[in-house]
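For our numbering, add 27 to where a residue sits in the sequence shown, where the first one is 1. Heads up, the beta-carbon is just placed ideally off N, CA and C, and yes, glycines get one too.
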Amino acid sequence: MKIKVIVGDITRIEADAIVVNLFEGVERPGGATGAVDKALGGAIAKLIEQGEIKGKLNEVSIIHSLGKVPARIVAVAGLGKQSEFTLDKIRGVAAEFCRSLRKLNCRRVATIVHGGGVGGIEPAGACQAIVEGGLLGLYKFRKHITKEPEHGDVEELLIVERDAAKLQVLEQGCEKGKVIAEATNLARDLVNEPANHMTPSDMASVAEGLAKTHRLRLTILDRERMEKEGMGALLGVARGSRQPPKLIVLSYKGDKASSETLGFIGKGITFDSGGISIKPSEGMAEMKGDMAGGAAVLAALSAIAQLKPKINVTALVPATENLPGGNATKPGDILKAVNGKTIEVVNTDSEGRLILADALAYAVKQGLSPLVDVATLTGACHVALGDFCSGIFGNTQELVDRLVKAGAEAGERLWQMPMYEEYKELNKSEVADIKNTGGRWGGAITAAQFLAEFVGDTPWLHIDIAGTSTTDKERGYLVKGATGVGVRTLVNLALASTK
Ligand code: BES
Ligand code: MN
Ligand code: ZN
Numbered sequence: 028m029k030i031k032v033i034v035g036d037i038t039r040i041e042a043d044a045i046v047v048n049l050f051e052g053v054e055r056p057g058g059a060t061g062a063v064d065k066a067l068g069g070a071i072a073k074l075i076e077q078g079e080i081k082g083k084l085n086e087v088s089i090i091h092s093l094g095k096v097p098a099r100i101v102a103v104a105g106l107g108k109q110s111e112f113t114l115d116k117i118r119g120v121a122a123e124f125c126r127s128l129r130k131l132n133c134r135r136v137a138t139i140v141h142g143g144g145v146g147g148i149e150p151a152g153a154c155q156a157i158v159e160g161g162l163l164g165l166y167k168f169r170k171h172i173t174k175e176p177e178h179g180d181v182e183e184l185l186i187v188e189r190d191a192a193k194l195q196v197l198e199q200g201c202e203k204g205k206v207i208a209e210a211t212n213l214a215r216d217l218v219n220e221p222a223n224h225m226t227p228s229d230m231a232s233v234a235e236g237l238a239k240t241h242r243l244r245l246t247i248l249d250r251e252r253m254e255k256e257g258m259g260a261l262l263g264v265a266r267g268s269r270q271p272p273k274l275i276v277l278s279y280k281g282d283k284a285s286s287e288t289l290g291f292i293g294k295g296i297t298f299d300s301g302g303i304s305i306k307p308s309e310g311m312a313e314m315k316g317d318m319a320g321g322a323a324v325l326a327a328l329s330a331i332a333q334l335k336p337k338i339n340v341t342a343l344v345p346a347t348e349n350l351p352g353g354n355a356t357k358p359g360d361i362l363k364a365v366n367g368k369t370i371e372v373v374n375t376d377s378e379g380r381l382i383l384a385d386a387l388a389y390a391v392k393q394g395l396s397p398l399v400d401v402a403t404l405t406g407a408c409h410v411a412l413g414d415f416c417s418g419i420f421g422n423t424q425e426l427v428d429r430l431v432k433a434g435a436e437a438g439e440r441l442w443q444m445p446m447y448e449e450y451k452e453l454n455k456s457e458v459a460d461i462k463n464t465g466g467r468w469g470g471a472i473t474a475a476q477f478l479a480e481f482v483g484d485t486p487w488l489h490i491d492i493a494g495t496s497t498t499d500k501e502r503g504y505l506v507k508g509a510t511g512v513g514v515r516t517l518v519n520l521a522l523a524s525t526k
């Protein structure tokens with residue numbers, strides 16, 4: 028979809044549809060909505076009076092212009108209560124009107140900037156949110172469907188502003204929104220791909236493509252190199268699969284003068300069968316998405332490379348399948364990680380923390396700091412928090428606060444979980460330094476405590492996205508399937524880390 032900001036009068040725009048808005052409770056529309064109402068001979072005001080248009084959040088009212096304005100359709104988007112308005116609501120509204128208009132066969136859609144100037148929202152931020160909401164809400168994963176779609180796509184989104192003085196800031200917001208939403212949709216694509224199309228080698232190829240397109244540095248560690256580095260935990264998980272494991276290292280250098288590099292680590296299990304501790308078959312197909320953390324960090328790097336903040340960032344993705352094979356790691360086996368710690372594998376389905384143990388310890392060895400890992404780590408986190416926020420854990424409160432803020436600005440909610448010492452005890456092994464499960468209770472926390480053992484004193488955060496990486500129903504700018512969660516938070520963190 029092409030997106031452009033133009034200066035003009037929305038009532039005169041040649042498009043299939045023009046979009047104006049209404050807050051709940053407003054009886055006499057003003058501004059651009061008022062101008063369109065006038066051009067339509069008072070149709071909007073009349074429909075408000077008759078109770079058809081209420082301005083409720085995400086309501087999209089369709090009026091056929093019948094020649095009164097050049098556009099075939101006038102859509103009135105409900106913005107809800109003005110006192111409750113936020114940037115994230117703009118994203119949701121944009122997604123709703125874009126999808127509604129797609130169903131009505133609109134190819135060229137023009138909209139005003141919704142919400143700029145309301146409740147402290149800057150015009151650039153509002154414009155960015157419209158672009159993000161539109162691109163994210165219209166996302167579809169149809170790669171493997173050979174049948175033609177029912178509706179064509181919205182091919183062009185015009186953002187129309189009356190005031191020429193605002194053009195430049197709106198264009199900046201538009202560009203940023205495009206980069207961030209496209210990166211999020213890239214992560215969604217990788218997660219939605221079935222495991223036979225997204226093996227560890229396929230993930231490495233994706234990273235290679237990103238490195239070429241955005242001039243990033245790429246190193247891929249293969250099995251032999253992992254053996255040399257002593258990555259016994261990652262190799263232990265990879266043993267059951269015929270697919271060779273890959274450790275993907277993708278780097279952006281935006282500040283050559285600085286020796287500091289932020290590290291993003293993403294879990295890249297391209298399929299999690301559970302291994303010898305095999306999962307029940309029901310729902311196992313969902314485990315093609317167990318590389319969502321890895322997808323998020325790669326996609327975040329692609330956005331960062333385009334937005335060019337003055338900072339260095341390296342993404343690390345330990346990628347492997349977790350399968351039961353004749354050579355697979357067995358419950359009771361003991362593995363040794365990069366930092367020399369030995370791990371008793373009580374359950375081969377707790378593979379995420381094993382591959383992350385090596386990736387985190389390797390990141391520390393490479394001098395990356397601070398570290399942020401993103402992982403579909405535990406069903407327990409999903410049970411604890413449900414679908415509507417990710418769990419965040421860390422060893423440095425100031426860093427936790429920064430990430431929560433970066434997430435909030437992106438519309439990605441993060442809820443901090445506790446890291447009390449007592450949980451650490453539960454990971455104690457009688458035969459090795461640590462074991463890979465801490466039992467049933469507080470499973471998301473014991474998993475995080477396990478990871479903490481591999482970062483030492485390096486400032487570190489862990490985001491558990493097991494509950495948020497996919498959604499089973501359409502919700503605002505999220506569509507069924509992968510959400511691309513984490514990308515926008517990580518990008519915001521990188522952008523905010525330059526000052
Ligand atoms: N990949 C899963 C966690 C998961 C579950 C992600 C559901 C997304 C949706 C992880 O590897 C796993 O299997 N965790 C186990 C740990 C348990 C064996 C201690 C779990 O959560 O059941
Ligand atoms: Mn597992
Ligand atoms: Zn897993």
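By how many angstroms is the C-alpha of residue j removed from the C-alpha of residue i?
i	j	result
T226	S127	36 Å
S524	I303	42 Å
E149	V187	16 Å
G353	G267	7 Å
K500	T510	11 Å
K83	S110	13 Å
D36	R189	6 Å
K184	G200	Rather than Lys, the amino acid found at residue 184 in this sequence is Leu. Cα to Cα, L184 sits roughly 14 Å from G200.
S92	A72	14 Å
V101	T60	10 Å
G160	G438	11 Å
P271	R380	19 Å
S232	I331	19 Å
V372	A284	43 Å
C125	L165	7 Å
L488	L106	35 Å
Y389	L362	16 Å
Q529	D216	This structure cannot speak to residue 529, because the chain is shown only from 28 to 526.
A62	G152	24 Å
E182	K167	14 Å
Go ahead and label residue i buried or exposed: buried means 16 or more other beta carbons lie within 10 angstroms of its beta carbon, across all protein chains shown.
i	result
P307	exposed
N132	exposed
I33	exposed
K392	exposed
V458	exposed
E378	buried
P445	exposed
H141	buried
N223	exposed
Y447	exposed
R55	exposed
I172	exposed
Grouping DSSP H, G and I as helix and E and B as strand, with all else coil, what is residue i?
i	result
Q77	coil
V264	helix
T464	coil
K108	coil
A326	helix
L184	strand
I303	coil
A72	helix
L245	strand
E198	helix
L362	strand
L213	helix
I'd like the span of the beta strand (DSSP E) that includes residue i, first residue to last.
i	result
Y279	K273 to K280
L91	For the sequence presented, residue 91 should be read as His rather than Leu. Where H91 is concerned, the enclosing beta strand (DSSP E) stretches over V87 to H91.
H489	W487 to D491
A402	L398 to A402
R252	Element bounds for R252: not the beta strand (DSSP E) but the alpha helix (DSSP H), R250 to E256.
E371	T369 to E371
N339	N339 to N349
Q443	L441 to Q443
A459	Segment: none, A459 is in no beta strand (DSSP E) and carries neither H nor E.
Under DSSP, the alpha helix (DSSP H) around residue i begins and ends at which residues?
i	result
I472	G470 to A479
H409	G406 to L412
G58	G58 to A66
V427	Q424 to A437
K116	L114 to K130
Q270	Element bounds for Q270: n/a, residue is neither H nor E.
R380	G379 to K392
K29	Note, K29: premise wrong, no alpha helix (DSSP H); beta strand (DSSP E) at K29 to V34.
Residues passing the C-beta test against the ligand BES heavy atoms, cut-off 5 Å: D299, D317, N374, D376, S377, G379, T403, T405, G406, T464 and A493
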